[in-house]
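Its first residue numbered 225, the sequence shown is counted upward by one per residue in the working numbering.
For every residue, glycine included, the Cβ atom is placed at its ideal position computed from N, Cα and C.
Heads up: the structure comes next, in structure tokens.
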Amino acid sequence: MEDCHVHILSLPDDPGTAFFAVYDGHGGAAVAQYAGKCLHEYITRRCEYKAGNIVQAMQRGFLELDKTMQNDVVFKQVPAGTTVIALLIKENILYSANAGDSRAVASINGTAVPLSRDHKPSLKDERDRIEAAGGWVEFNRVNGHLALSRALGDFMFKGNTHRSPQEQIVTAFPEVQKFPITEDWEFVVLACDGIWDVMTNQEVVNFVRTRLARSELGTNGPDGVMDPEEICEELVTCCLAPDALMVQIFSNCKLKHRSIDVTKRERMNEKNELLTPFLSS
225 MEDCHVHILS
235 LPDDPGTAFF
245 AVYDGHGGAA
255 VAQYAGKCLH
265 EYITRRCEYK
275 AGNIVQAMQR
285 GFLELDKTMQ
295 NDVVFKQVPA
305 GTTVIALLIK
315 ENILYSANAG
325 DSRAVASING
335 TAVPLSRDHK
345 PSLKDERDRI
355 EAAGGWVEFN
365 RVNGHLALSR
375 ALGDFMFKGN
385 THRSPQEQIV
395 TAFPEVQKFP
405 ITEDWEFVVL
415 ACDGIWDVMT
425 NQEVVNFVRT
435 RLARSELGTN
445 GPDGVMDPEE
455 ICEELVTCCL
465 APDALMVQIF
475 SNCKLKHRSI
485 DVTKRERMNE
495 KNELLTPFLS
505 S
């Protein structure tokens, strides 16, 4: 399994702050697994974080982690990388940091609102950076090889000594956005590209929302509650592809305070169900 997912309902270094992330690895599991273990620590220990500049802390935390791996004798030789979609929720503000083509989408009053932008080599700003660093885009792939333009790892694309980490052919520099969370927010879905290649943002929101609504109305099962893991499993089954599909959903307090992670490969799944408040009081 080259993928990793993380949910921390209360960060050890910042109690009351939550961290959710999906890492979609490629070329091996090492980068995704290491990032899954410690990215949140690289972010929260930075001086920018302690000073309240969460956006800059996330940006520099990504780059610091990437540089640490690149300087490591073992990691430097590993031809692996990973996308990252990471959400940090602090004092009813959601910070979304994305590198690659995994995606986060919120349901706000039933409308799908993207919380991230896919980083594809075909995008003009991504292509411009790739070409300026000495690379090229062929068949919508970096140097005809990689189908995304930002990632942790993939150090074979980060060797231009005349360019900063942000300016490499493939960069780990994340695009960070911040969103105020209100009572209109119902749930958030984080997923790898295998989900979004099959369903649109709104289709995913409609899929999840319909099933959550059934639970609210008591129309599922003897206890009137649809198992949240079943929602993720149904979604993954609808989008089933040859590689692993990863979905993470967490909900507002109006919709049962659930956080679900399901990873599925060849119709095998892992269940992990937690109770978590979406809004802090």
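Under the three-state reduction of DSSP, which class applies to residue i: helix, strand or coil?
i    : result
Q301 : coil
P389 : helix
E427 : helix
R520 : Nothing can be reported for residue 520: it is not among the residues displayed for the chain, which extend from 225 to 505.
N295 : helix
F363 : coil
F397 : coil
A357 : coil
I405 : coil
E288 : helix
H343 : coil
A323 : strand
H369 : coil
C262 : helix
L436 : helix
H229 : strand
E454 : helix
D378 : coil
D352 : helix
V329 : strand
L518 : With the chain covering 225 to 505 only, the question about residue 518 has no answer from this structure.
L184 : The question about residue 184 has no answer, for the chain in this structure spans 225 to 505.
V422 : coil
A253 : coil
A275 : coil
Measuring straight from C-alpha to C-alpha, what distance separates residue i and residue j?
i    : j    : result
G383 : P239 : 38 Å
V471 : L459 : 8 Å
T461 : A323 : 26 Å
A253 : A396 : 17 Å
F403 : F381 : 32 Å
G276 : N295 : 29 Å
R435 : E355 : 45 Å
F411 : Q257 : 26 Å
S234 : T241 : 5 Å
S388 : V297 : 21 Å
D352 : L372 : 14 Å
I473 : V429 : 11 Å
F299 : G251 : 12 Å
E454 : A415 : 16 Å
G418 : T424 : 11 Å
L370 : F363 : 10 Å
L347 : E391 : 15 Å
F431 : R341 : 21 Å
C271 : A437 : 43 Å
V302 : D290 : 13 Å
Can you give the beta carbon distance from residue i to residue j, rounded, assuming they're within the 8 Å contact cut?
i    : j    : result
G249 : A304 : 6 Å
Y247 : T306 : 5 Å
V422 : C456 : Actually they are not in contact, since the Cβ atoms of V422 and C456 sit about 15 Å apart, beyond 8 Å.
Smallest Cα separation from residue i: which of the options?
i    : options                : result
H343 : A375, N333, T335       : A375
L339 : A328, P345, D349       : A328
L263 : L318, F286, G251, A275 : F286
E288 : V428, V432, G377       : G377
F244 : S326, E272, V255       : S326
K314 : D237, A415, V429       : D237
R433 : G334, V298, A310, F299 : G334
I278 : L311, G251, G418       : L311
P350 : A415, K274, T385, P398 : Position check: residue 350 holds Glu in this sequence, whereas Pro was assumed. The candidate whose alpha carbon is nearest that of E350 is P398.
G368 : F379, P345, R387, R353 : P345
E407 : S475, I232, C463, C228 : S475
H229 : F431, V413, L436       : V413
R365 : S331, P389, I393       : I393
F379 : V255, G418, N425, A437 : V255
V308 : D227, W409, L464       : D227
E427 : W409, A330, H386, K348 : A330
W409 : I332, E272, E391       : I332
A336 : W420, H386, I232, C463 : W420
Please indicate yes or no: does the CB of residue i lie closer than 6 Å to some heavy atom of the ligand ADP?
i    : result
Q280 : Absence of the ligand ADP from the depicted structure is noted, as is the absence of any ligand whatsoever, leaving it without description.
| said: Within 8 Å, do at least three Cβ pairs link the stretch 280-289 to the stretch 255-272? | reply: yes
| said: Using 8 Å as the cut-off, can you tell me whether the stretch 319-333 makes contact with the stretch 357-367, which would need three or more C-beta pairs spanning the two stretches below that distance? | reply: With the cut-off at 8 Å, the stretch 319-333 and the stretch 357-367 do not touch.
| field | Sufficient close CB pairs (3 or more, under 8 Å) joining the stretch 310-319 to the stretch 400-419 | value | Segments in contact, yes.
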